[in-house]
Every structure is written in structure tokens, then in C-alpha cells.
Amino acid sequence: MGARALQELLGIGHPIVLAPFGGVSSIELTTTVTELGGLGSYGLYGYGPDRIRETVDALRAASSGPFALNLWLPTGDEVTPADVDLACSSAATAVAPLFAELGLDRPQSPERFLPSFDDQLDAVLDARPAALSLVFGVPAPDVVERAHTRGIAVVGTATTVAEAVALADGGVDVVVATGAEGAGHRVSFLRPAEESLVGTFALLPQVVDAVDVPVVAAGGVADRRGVAAAFALGASGVQVGTAFLATRQSAASDAYRAAIASAAADSSVLTRAMSGRLARGLPNRAVRTIEDAGAIAPFPAQNWLTGQFRAEAGRRGVGDLQSLWMGQAAGLSHEDDAAAVFAELLAGVPDAARSA
Ligand SMILES: Cc1cc2nc3c(=O)[nH]c(=O)nc-3n(C[C@H](O)[C@H](O)[C@H](O)COP(=O)(O)O)c2cc1C
294 MGARALQELL GIGHPIVLAP FGGVSSIELT TTVTELGGLG SYGLYGYGPD
344 RIRETVDALR AASSGPFALN LWLPTGDEVT PADVDLACSS AATAVAPLFA
394 ELGLDRPQSP ERFLPSFDDQ LDAVLDARPA ALSLVFGVPA PDVVERAHTR
444 GIAVVGTATT VAEAVALADG GVDVVVATGA EGAGHRVSFL RPAEESLVGT
494 FALLPQVVDA VDVPVVAAGG VADRRGVAAA FALGASGVQV GTAFLATRQS
544 AASDAYRAAI ASAAADSSVL TRAMSGRLAR GLPNRAVRTI EDAGAIAPFP
594 AQNWLTGQFR AEAGRRGVGD LQSLWMGQAA GLSHEDDAAA VFAELLAGVP
644 DAARSA
């Protein structure tokens, strides 16, 4: 797959993708990357259709360039409030001290943990972004078809070669190959995440060999060396999370950005503590408290439960009680400005893949 195929498909000048951050994307960071000629992504996890429409309006008000909207596909095993008595659960008891510390009452279960995926999808398709990026599965044929009818490219995300092949067979236009060193959730869908922990360096060339669509490398890419390595291994682009999250344009709290700035290669761990699904982040006091208690509700109940104190901790700048997702390359994140991160990454893009 030629290096320029990705850029032509997405209408971007440079093959650099800002990662979507469910819950932490910001209009400013997304549109900054788009304005610089990359593809700004925005994570819509947990957003209902009205909030999606408001977000798209804000993105379009700030930039007329292309952007990607990211959704989590339903996997069918998500629990609902009817399935778990969260208020009386051991998971709620485990986090009770964290609620008390912030002066919060123990929460009552909501009507639903997540908005309907179909409603989210309708809002995203109506918005006609350049790309619909998806995690946790292969989109159904009608999702791909509806996106394509509207001129929207479909991006799927793979943690193994088999997942990449399944995505390509399912008609996606681009595969993001995401290695286990990356920040946030392991988005595996064919086998358990714990059995799908392939590093970017091993995963990427094997995915490139296995599929005929452009492959974007994610996980551990934070500077020009990572970008050059990804292209040497056959990538058509890179998707970068942690390094951009550390910048002042991101929606991460000051405490979060400071935690990234002081992190080392071995600072992060994989844990189910914060959401019920496996994710890479800093083992702060919230993670340790929950893991020590050994009581974690299934996804998305656990994510909703911890979200009740995380939101307040975010407002107060208490890093120890937030989800501090970050990847193993966090120690390379020195820049506070997204344009400087972008310039650094661009320096690693081979000439043939650069916009004139
Ligand atoms: C706070 C945070 C939230 C994330 N949420 C999502 C998400 O909702 N959807 C998604 O596809 N990827 C999500 N990711 C993963 C990133 O898109 C990206 O693949 C990852 O950060 C790349 O690894 P790096 O951090 O080493 O650059 C998230 C990452 C972080 C740090």
C-alpha cells in the first residue's frame, strides 16, 4: 500500500493522526492537529446524540479541515443497571473510601450506563466526518455501507494480526495496529485482551503483510524516531496519543499532564480496575485501592462507578483519583505545545509521504 494512499483517502496533508481520547478529547487539540495538516480525532465514548452534534458544531467552528470521530462498538456483553445492583456491590464498597475522601455520597445506579450505540452512530453519520474510527470489533456490513454512502472512511482497530484480517475482510478502509505499549484500553475483540498483548514493533509489519489496506501504527510512537521506525516497518501513518495528551491544548488536567511529564518507560501497568476492561495507565492510589480490594464490577458498570469520583477528582486536580491512562513512551513526552509535538513527529515522516 503506497504511503500516500492514506492521505488521499482521508484528505490530509501529513500521515499523522491525533489519537481519540474517550472522555478526554478536546476541541482545541483535535482542531489544532487538523489545522497542522494531520487528522485530528475526537473520542465520543459516552456521548449521546445531542452532545455529539454540539461537539461536531464546535469542531467545524474551529476548523474546516478533516477530522475523525471515534466510537466504541458494542460487544454484547456490556452489563446494564438491571444486571448489577451496583449500590450494594462489593465494587461500590471498595471505592467507598474514595467517595468519602472527596465528600461524595455513594452513587445510585443511573437509568443506563451508556447511550445507545445506534443513536450515536446516526449522529456521527449525519455529521459526515472524514473518518469514522471504531474500536472493539468489526463493524457490521450496514455500518460500513452507510458510512461509505456518505463518503466517510471507516477505520478499524486491531491488537492482533487475526483482528486486522477480520477488519479488512469486514470492509474497513484503514486498520490501526495498536501495540500493547499504547495508552488506554486494549481494544481486543477476538480473544481476551490479556492474550492479545502484542508489541507495536512485532504487530505492525505482520499486519502490513496480512492486509491490503493502509495500516496506521499506534502505541509507543512519540517522536521522530518512532515515526521513522513505523514507516520502516510498512506503516502508512502513525496515531499518537500520550505525547499529544501531555500538551496544553489537551483536555487532560494539570495533574494528569504533570504525571505524564514525570513518567518513565516502566511507570504504567495494565489494569481492569478503573473500567472493568483492561487498560494501560499509571497505578495511582485509585487503581491500587481497587486492585487491593479485588472487587471490580463488569464493564461498563465499573467505568460508570469510578467515573462518579473521577469527574470530581478532575475538577479538583486530584491526580491520584483520576484515570491516568498513558503509554510506555510517556517518558518521551517533553513538549507542552501540540504544534511542537506535530513538528517533531513530522520530522520522522519519509519525504515520499510528506505533503509538498
Ligand atoms: C486518555 C485516553 C483515552 C483513550 N480513549 C480512546 C478511545 O476512546 N478510543 C480509541 O480508539 N482509542 C483511545 N485511546 C487510545 C489512543 O487512541 C491511542 O491508540 C494510544 O494512545 C496510542 O498509544 P500512545 O499513547 O503510546 O501514543 C485512548 C488513549 C488515552 C490516553
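Per my numbering, the very first residue in the sequence shown carries number 294; after that it's consecutive.
Each residue gets a CB set at the ideal place from its N, CA and C atoms; glycine is no exception.
Keep in mind the model is a prediction, meaning the values are calculated, not measured.
{"Query": "Return the Cβ separation of P485 and G463 in integer angstroms, given the expectation that the two are a contact with Cβ distance under 8 angstroms.", "Result": "About 20 angstroms; that fails the 8 angstroms criterion."}
{"Query": "Have a look at the DSSP bridge pairing and note the partners of H478.", "Result": "A572"}
{"Query": "When DSSP labels each residue in this structure, what does S426 get in the three-state scheme?", "Result": "strand"}
{"Query": "I'd like to know whether the C-beta atoms of G569 and S616 end up nearer to each other than 8 angstroms.", "Result": "no"}
{"Query": "Going by beta-carbon coordinates alone, are D516 and L638 separated by less than 8 angstroms?", "Result": "yes"}
{"Query": "Given this structure, state the Cα-to-Cα distance separating E488 from A528, to the nearest angstrom.", "Result": "24 angstroms"}
{"Query": "Beta-carbon separation of L364 and V417 under 8 angstroms?", "Result": "yes"}
{"Query": "Let me check you understand the geometry: is the CB of A536 closer than 7 angstroms to at least one non-hydrogen atom of ligand 1?", "Result": "yes"}
{"Query": "Would you kindly work out how many angstroms separate the C-alpha atoms of V428 and L460, rounded to a whole number?", "Result": "10 angstroms"}
{"Query": "Does DSSP put V372 in a helix, in a strand, or in coil?", "Result": "coil"}
{"Query": "Expressed to the nearest angstrom, what Euclidean distance is found between the alpha-carbon atoms of I320 and T540?", "Result": "13 angstroms"}
{"Query": "Under 7 angstroms Cβ to Cβ from V535, same chain only, skipping five residues before and after it: list those, please.", "Result": "First, the amino acid is wrong: residue 535 is Thr here, not Val. The residues are A476, A515, I553, M619, G620, A622, A623, S626."}
{"Query": "Using the DSSP secondary-structure output, state which residues sit across from W365 in a beta bridge.", "Result": "V428"}
{"Query": "With hydrogens ignored, establish whether the beta-carbon of E404 is closer than 7 angstroms to any heavy atom of ligand 1.", "Result": "no"}
{"Query": "Along the chain, which unbroken stretches of the beta strand (DSSP E) at least 3 residues long are found entirely within the stretch 434-484?", "Result": "446-451, 467-471"}
{"Query": "With a threshold of 7 angstroms on Cβ separation, who are the neighbours of D343 within its own chain once the five nearest residues in sequence on each side are excluded?", "Result": "none"}
{"Query": "Could you pull out every residue in the same chain whose Cβ sits closer than 7 angstroms to the Cβ of F592, ignoring the five residues on either side in sequence?", "Result": "E371, S568, G569, R570"}
{"Query": "Return yes when at least one heavy atom of ligand 1 lies under 7 angstroms from the C-beta of Y340, else no.", "Result": "no"}
{"Query": "Distance check for T452 and L366, CA to CA, integer angstroms please.", "Result": "15 angstroms"}
{"Query": "According to the neighbour-count rule (16 or more other Cβ atoms, all chains shown, within 10 Å of its Cβ), is A631 buried or exposed?", "Result": "buried"}
{"Query": "Pairing CB atoms from the stretch 294-312 with CB atoms from the stretch 599-609, are three or more of them under 8 angstroms?", "Result": "no"}
{"Query": "Report back the beta-carbon spacing between V506 and I309 to the nearest angstrom; my notes put them in contact at under 8 angstroms.", "Result": "Not quite, the Cβ-Cβ distance comes to about 18 angstroms (not below 8 angstroms), so this is no contact."}
{"Query": "Say the cut is 7 angstroms; is the CB of V377 nearer than that to a heavy atom of ligand 1?", "Result": "no"}
{"Query": "Cα-Cα, which of H478, T471, P390, S481 is closest to A495?", "Result": "T471"}
{"Query": "Can you check DSSP and say which residues form a bridge with Q532?", "Result": "V310, A511"}
{"Query": "By the three-class DSSP mapping on this structure, what secondary structure does V562 have?", "Result": "strand"}
{"Query": "Excluding the five sequence neighbours on either side, which residues of its own chain have a C-beta within less than 8 angstroms of the C-beta of T373, listed in chain order?", "Result": "R405, F406"}
{"Query": "Could you tell me whether any non-hydrogen atom of ligand 1 is closer than 7 angstroms to the CB of T348?", "Result": "no"}
{"Query": "Any heavy atom of ligand 1 closer than 7 angstroms to the Cβ of G474?", "Result": "First, the residue type needs correcting, since residue 474 is Glu and not Gly in the sequence shown. It does: the Cβ of E474 is within 7 angstroms (strictly closer) of some heavy atom of ligand 1."}
{"Query": "Taking 8 angstroms as the cut-off, decide whether the C-beta atoms of A503 and A523 are in contact.", "Result": "no"}
{"Query": "Determine the contact status of G336 and S318, defining contact as a CB-CB distance below 8 angstroms.", "Result": "yes"}
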